[in-house]
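Presented below is the structure to which this report refers.
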């Protein structure tokens, strides 16, 4: 009967090693950020256009509403870019250094 071995080493190393991202990484990050940023800005500007038209806002109302919504859209775009980079960095492959690999499980 085989016994299960309780090892103290985790399957994935908790220490994050530096892996240099390649060209594909940057293409994916930039294209995903651009796609979703375009959606954020299209929805923001569409909302401004529709709300200003429905409420018949003048120049002062348009300026005030824009002063509230445009910085929020810029912040959302910035956070989107930061989260895209973080998400793609988490998807990078593990380094090929043999000392970083988990030990193989043997069936005795």
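Residue numbers (UniProt numbering): 1 to 108. Glycine residues also receive a C-beta, built at the ideal position from the N, C-alpha and C atoms.
> Say the cut is 7 angstroms; is the CB of residue 49 nearer than that to a heavy atom of the ligand GTP?
Replying inline: In the structure on display, the ligand GTP does not appear, and there are no ligands present to speak of.
> In terms of residues, what are the limits of the alpha helix (DSSP H) holding residue 56?
Replying inline: As a first step, residue 56 is located in the chain shown; it is residue number 56 there, counting from the start. Note, residue 56: premise wrong, no alpha helix (DSSP H); not H, not E.
>> Between the region 73-87 and the region 27-44, can you find at least three pairs of beta-carbon atoms closer than 8 angstroms?
In response: yes
> Can we say the region 84-91 touches the region 27-37, given the rule of at least three CB pairs closer than 8 angstroms?
Replying inline: yes
> Since residue 126 and residue 62 are thought to touch, with beta carbons under 8 angstroms apart, how far apart are those beta carbons, to the nearest angstrom?
Replying inline: The structure shown does not extend to residue 126, since the chain spans only 1 to 108, so no value can be given for it.
>> I need the DSSP call for residue 79, collapsed to helix, strand or coil.
In response: Your numbering for residue 79 matches position 79 in the chain shown. The answer is helix: DSSP assigns residue 79 an H, G or I state.
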